[in-house]
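> This is the structure I have questions about; it appears just below.
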Amino acid sequence: MKLTFWGAAQQVTGSMHLLTLDSGFQILIDCGLDYDKRDQFEANNKNFPFFPEDIDVVILTHAHIDHSGNLPNLVRQGFKGQILCTHPSIELTKNLLLDSVNVQQIEGKKKLRNKKQQAFKHRPSKADQVATLYNRVHVDQTVEAMKGIGFYQPYKINDAVEIELYEAGHILGAASVKLSIQENGRKTHIGFTGDLGNYQSQLVIDPQPMQGLDYLISESTYGGRLHIDHQSAKTLLLDYVLNTCVKYKGKLVIPAFSVGRTQAILYTFNQLYLEGKLEGVKVYTDSPLAIKTTRLYAEHVDQLNQEAQDFYKTNGTLFAFPDLYTLERSEDSKLLATMPEPAVIVSAAGMVEGGRIQEHIRHHIGDTFSTILIAGFCAEGTLGAELLKGRPSVNIGKRPKQVYAKIARTDVFSAHPDQAGLLKYYDAVGVKQLKTLFLVHGDSTSMTGLKSKLDGVAVEIPYQGQVYELN
Ligand SMILES: [Zn+2]
């Protein structure tokens, strides 16, 4: 059989790996959007380097858009098979894909407006069509093709291929997938980690290692570094609330990804509230996608870690507390941005690329008493990354804004293991027994840093389009 690395090869986004059996049967593992070069978004995602109608089955590791976001395009271009994933991933993916349609339309309209303003000096009309990779109909067709399977329940795709899903501990429903393939009189076991979680995360369980593998395809997002924050999430957030909202009556603004990160943060605030430590400071969650996701986390509490399940049993809720306010309407979001009283604002997008968070940052970046706490990975070129460089002024929209607010960062909510976490996982997998460990989903520094710690292991760092014969 052949394994071809079509995405997340020597980069982080666009996960997509193709396994082609000698019989011609084709299995695609993940089908994510490639965001690494934003100016080439359409060129990188519109067409596939294979024929979508030839793919027999897709296995989706988890809902995040860099793993699921191009599935509707695959369906649009002729894929007719099933998409196998966990049950929570079906619901989470549906919400994320619908959000992706909206984002593509907004971005498309922005581009059109700029083009028209330059060319004709007038605004686009409602009749103007914006090109997107797919629309809501394709999202519906994708969701119809999805079939949920449970963790640790071996599932036969056909006589030659069986899969088993392991908990990856990254977000709700995230799976690592072990494929057992019967070919030429022998069985080969191939594991795809998907995105792994950080050990001892809020809400989700620790990543569970696959066993009995011949090959492992592993993420390596933070393979070149160690997480720096070692205090608990509660201690860290409380410290910022006391030193920003209580002491200076300022705002604590936290950009957060809607799926995974926001829930971990709200859960931590709920714990602080119940311990009576929030001192009446109100917490606002301002992202419609995050609110929908938060509901799904509460519905699937049985899939979360023991601590979260016990918390739910005791308190009857994971996230809701009297000082938490959820804002769905954009009018309320605008009011919140101008409200003078101290508060915590948790809003998307995590890298501060568009979304409601941008408006909150625009309002508070000039306030010496406010803090902007970056709680996740920010790709180069995003506003989040610019803020972290400590510049005296940044552009928001097209306008420069002076930075007077405190800019801080934390990795206490990280949803990926660092180098030590990955090495711990590899030990548990039995990495030295593998024929090959393939590193994906990381930049070159992460992958070479990780490889240097893996003496005696056959490590490959494939480039995009590279093909390997597995036997
Ligand atoms: Zn992910």
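Throughout the sequence shown, residue numbering follows numbering that gives the first Met the number 0, covering 0 to 470 in sequence.
Every residue gets a Cβ at the ideal spot worked out from N, C-alpha and C, and that includes glycine.
Quick caveat: nothing in here was measured; it's all calculated off a predicted structure.
1. For a test of the three-state rule: what should DSSP assign to Tyr283, helix, strand or coil?
2. With H, G and I counted as helix, E and B as strand and the rest as coil, what does DSSP make of Asn314?
3. Who are the Cβ neighbours of Tyr296 in its own chain at under 8 angstroms, not counting the five residues just before and after it?
4. Under 8 angstroms between C-beta atoms, does Gly353 make it to chain B?
5. What's the gap between the Cα of Gly168 and the Cα of Tyr154?
6. Please report the straight-line C-alpha distance between Lys186 and Arg75, rounded to a whole angstrom.
7. Mind pulling the alpha helix (DSSP H) runs of 4 or more residues that sit fully within the region 395-447?
8. Which residues share a DSSP beta bridge with Arg185?
9. For the putative contact between Gly196 and Ala414, defined by C-beta atoms under 8 angstroms, what is the C-beta separation to the nearest angstrom?
10. Shortest alpha-carbon distance to Val456 belongs to which of Val466, Leu17 and Val428?
11. Is the closest heavy atom of ligand 1 to the C-beta of His66 under 7 angstroms?
12. Does the Cβ of Asp35 lie closer than 7 angstroms to at least one heavy atom of ligand 2?
13. Which residue comes first and which comes last in the beta strand (DSSP E) that contains Lys233?
14. Less than 8 angstroms between the CB atoms is what I'm expecting for Cys334 and Tyr283, so what's the real figure, rounded?
15. Measuring from the CB of His63, is there a heavy atom of ligand 1 at a distance below 7 angstroms?
16. Looking at the unbroken beta strand (DSSP E) that takes in Ser217, where does it start and where does it end?
17. Expressed to the nearest angstrom, what Euclidean distance is found between the alpha-carbon atoms of Asp213 and Ser332?
18. Does the distance from the CB of Ala174 to the CB of Thr313 come in under 8 angstroms?
19. Between Asp301, Val56 and Leu421, which lies nearest to Leu20 when the distance is taken from Cα to Cα?
20. How would you write the range of the alpha helix (DSSP H) that Glu330 sits in, first residue to last?
21. If I follow the unbroken alpha helix (DSSP H) through Thr325, where does it start and stop?
22. How close, in whole Å, do the beta carbons of Val252 and Ile344 come, if the pair is a contact with beta carbons under 8 angstroms?
23. How many angstroms separate the CA atom of Gly190 from the CA atom of Lys1?
24. Would the beta-carbon of His169 be found less than 7 angstroms away from any heavy atom of ligand 1?
25. On the three-state DSSP scale, how would you describe Val393?
26. Is it buried or exposed, Asn69, if we count other Cβ atoms within 10 angstroms and call 16 or more buried?
27. Less than 7 angstroms between the CB of Asp194 and some heavy atom of ligand 1, yes or no?
28. Suppose you measure from the CA of Leu178 to the CA of Asp158; what does that come to, to the nearest Å?
29. Only counting the same chain, and skipping five residues up and downstream in sequence, which positions put a Cβ closer than 6 angstroms to that of Leu27?
30. Quick check: the region 358-378 against the region 399-418, are at least 3 beta-carbon pairs closer than 8 angstroms?
31. Less than 8 angstroms separating the beta-carbons of Ser217 and Thr234?
32. Where does Asp65 land, buried or exposed, given buried means 16+ other C-beta within 10 angstroms?
33. Check the DSSP bridge columns for Met145 and list the partner residues they point to.
34. In the region 152-176, which residue ranges form an unbroken beta strand (DSSP E) of at least 3 residues, counting only runs that do not cross its ends?
35. Rounded to a whole number of angstroms, what is the C-alpha to C-alpha distance between Glu472 and Ile156?
36. Quick check on DSSP: helix, strand or coil for Ala297?
Result, derived from the coordinates:
1. strand
2. helix
3. Cβ-Cβ distances below 8 angstroms link Tyr296 to Leu171, Leu202, Gln262, Leu303, Leu317 and Phe318 in the same chain, with the five nearest sequence neighbours on each side left out; the list follows chain order.
4. Protein chain content of the structure displayed is limited to a single chain, and chain B is not contained in it.
5. 21 angstroms
6. 34 angstroms
7. List check, alpha helix (DSSP H) in window: 418-428.
8. For Arg185, which the question treats as bridged, DSSP gives the partners Glu182.
9. 6 angstroms
10. Looking at the Cα atoms, Val428 is the closest of the given residues.
11. Indeed, a heavy atom of ligand 1 lies less than 7 angstroms from the Cβ.
12. Annotation note on ligand 2: not contained in the displayed structure, which lists ligand 1 as its ligands.
13. From DSSP, Lys233 is part of no beta strand (DSSP E) but of the alpha helix (DSSP H) over Ala232 to Tyr239.
14. The identity of residue 334 in the sequence shown is Leu, whereas the question assumes Cys. Rounded to the nearest angstrom, the Cβ distance from Leu334 to Tyr283 is 10 angstroms, too far for a contact under 8 angstroms.
15. yes
16. Tyr214 to Glu218
17. Each residue's CA atom was taken as its position, placing Asp213 and Ser332 some 51 angstroms apart.
18. It is not a contact, given that the beta carbons lie outside the stated cut-off.
19. Nearest Cα to Leu20 within the set Asp301, Val56 and Leu421: Val56.
20. Note, Glu330: alpha helix (DSSP H), Ser329 to Thr337.
21. That residue, Thr325, is in no alpha helix (DSSP H); its beta strand (DSSP E) goes Leu323 to Thr325.
22. 5 angstroms
23. 14 angstroms
24. yes
25. strand
26. buried
27. yes
28. 13 angstroms
29. Leu17, Ile54 and Val57
30. At 8 angstroms Cβ cutoff, the stretches touch.
31. Between Ser217 and Thr234, the CB-CB gap reaches or exceeds 8 angstroms.
32. Around the C-beta of Asp65, 16 or more other C-beta atoms lie within 10 Å, and the residue is accordingly described as buried.
33. Ile82
34. 160-166
35. The shown model of the chain, from 0 to 470, leaves out residue 472, and the question about it has no answer.
36. helix
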